[in-house]
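Chemist:
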Amino acid sequence: MVPRLESPRFFDAFLVRTLAQARRYGRRAALLVVTPEPDENGRAALRRAALSLLGLLRDADVVTLQGEELLVLLPETDRLGALMLRERILRHLPEAVSLRIGSAAYPEDGVDAEGLVALARQRAAEPGQGAAAARELRSLGFWECLRRLLADGDLPRPALSAAAVRAAAREAILELCRASTVRGIAAVGCGGDEGGLLDALPAHRLSGRLFVARPDGAGPPHPSVTYVPVEEERLARFDFVLFLAGHSAYVLVRDAGENAPGVHAADPGLACLLISRFRDAYGLREGIG
């Protein structure tokens with residue numbers, strides 16, 4: 020069953036009731052605020068998107084159009100799930116080029132309805148460090164995204180060593196371990212030379228998912244790791260660490276080679292886009308998002 024546009028009054032009451040149930044039963048909830056770019060194209064796009072968006076949602080989700088804002092309530096969804104939905108909307112709705120989308124989640128970002136809506140609205144109005152790059156990359160495949168990122172003169176280009184990439188990969192794994200109650204997802208490509216970084220994994224399955232790219236797609240078995248067979252020439256060209264969770268995110272990409280220039284950005288939108296493209300490229304549709 021496809022959800023329908025509800026009245027603002029119904030949405031406000033349902034949001035308060037959903038948060039009350041989340042507090043009482045230890046559940047999660049998230050919301051999106053979709054706003055237009057400040058021009059006539061943006062306002063027209065918002066009205067069209069209000070109907071197109073319904074096809075991307077679950078029947079439990081609730082949507083309303085309040086003035087020049089589209090609000091989407093996502094019961095039983097954490098911030099990671101909201102970020103992944105945001106990425107799907109930006110990719111699949113033609114109107115998305117004229118829209119801005121912010122997200123917030125209970126309890127990571129707040130506990131009351133007014134505060135969560137305000138934060139999602141603020142995030143829609145203030146795109147992150149990698150927002151412009153993400154917009155340019157959205158129609159591209161994963162490896163072309165990496166190539167374009169490294170050619171982007173607007174992002175910082177520090178020199179990064181192979182050791183720095185492995186350290187970032189280890190930190191991503193440790194973040195997944197620390198966040199026992201928050202889902203996370205990470206994709207790592209170090210040319211098949213992880214240097215023992217998987218030793219940081221606990222024996223049990225993590226709340227997150229870890230994808231490790233290897234030329235042969237094989238490695239030490241672990242319930243939290245999915246090994247991904249990736250073309251050897253691509254792993255020889257690029258190193259990457261992509262991490263996204265409800266509490267943090269970062270992207271590290273570099274040309275393979277000692278102290279090669281790279282890109283390092285702590286931007287959830289960019290991390291979400293690149294992880295989504297990686298999953299698309301290798302058919303990794305199960306799990307989060």
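Heads up: take any position in the sequence shown, counting from 1, add 19, and you land on our numbering. Glycine included, each C-beta is placed from N, C-alpha and C at the ideal position.
1) Given a threshold of 16 other Cβ atoms within 10 Å of its Cβ, counted over all protein chains shown, does Y269 qualify as buried or as exposed?
2) If you count every other CB in all the chains shown that lies within 10 Å of the CB of P94, and 16 or more means buried, which is it?
3) Tell me which same chain residues have a C-beta within less than 8 angstroms of the C-beta of C164, skipping the five on either side of it?
4) Taking the alpha-carbon of P27 as reference, which of E127, L90 and D173 has the nearest alpha-carbon?
5) Jot down the residue ranges of each uninterrupted beta strand (DSSP E) in the stretch 226-282, minimum 3 residues, whole runs only, in chain order.
6) Can you check which of these residues, S71, G302 and D128, is closest to L112 by C-alpha distance?
7) Assign V35 to buried or exposed, taking buried as 16 or more other Cβ atoms, counted over all protein chains shown, within 10 Å of its Cβ.
8) From V249 to L174, what does the alpha carbon distance come to, in whole angstroms?
9) Taking C-beta to C-beta, are A123 and A182 nearer than 8 angstroms?
10) Would you kindly work out how many angstroms separate the C-alpha atoms of I204 and F30, rounded to a whole number?
11) Answer yes or no: do T54 and L118 have a C-beta to C-beta separation smaller than 8 angstroms?
12) What is the residue span of the alpha helix (DSSP H) that V35 lies within?
13) Find the nearest neighbour of R167 within the set F257, F33, R66 and E56, judged by alpha-carbon distance.
14) Could you check the C-alpha separation between D309 and L38 for me, to the nearest Å?
15) For P287, name the three-state secondary structure that DSSP assigns.
16) In its own chain, which residues sit with a C-beta less than 7 angstroms from the C-beta of L24, not counting the 5 before and 5 after it?
17) Please identify the residue among V260, P126 and D80 whose C-alpha is closest to the C-alpha of Y44.
18) What are the start and end residues of the beta strand (DSSP E) that includes V136?
19) Does the distance from the C-beta atom of E194 to that of S243 stay below 8 angstroms?
20) I'd like to know whether the C-beta atoms of V207 and A237 end up nearer to each other than 8 angstroms.
21) Give the DSSP-derived three-state secondary structure of L76 in the structure shown.
22) If I follow the unbroken beta strand (DSSP E) through A124, where does it start and stop?
23) By DSSP, does G203 sit in helix, in strand, or in coil?
24) Under the DSSP definition of a beta bridge, which residues are partnered with E87?
25) Where V184 and D58 are concerned, what is the direct C-alpha to C-alpha distance, given to the nearest angstrom?
Modeler: Quick answer:
1) buried
2) buried
3) L156, L292, L293 and R296
4) L90
5) 228-233, 244-248, 257-264 and 268-274
6) S71
7) exposed
8) 26 angstroms
9) no
10) 31 angstroms
11) yes
12) P27 to Y44
13) F257
14) Only positions 20 to 308 of the chain appear in this structure, which leaves residue 309 out of reach.
15) helix
16) A69, V82, T83 and L84
17) P126
18) Looking at the DSSP string, V136 is not in any beta strand (DSSP E); the run it does join, the alpha helix (DSSP H), is A132 to A144.
19) no
20) no
21) coil
22) L118 to Y125
23) strand
24) DSSP, once it has assigned bridges, lists no residue as partnering E87.
25) 42 angstroms
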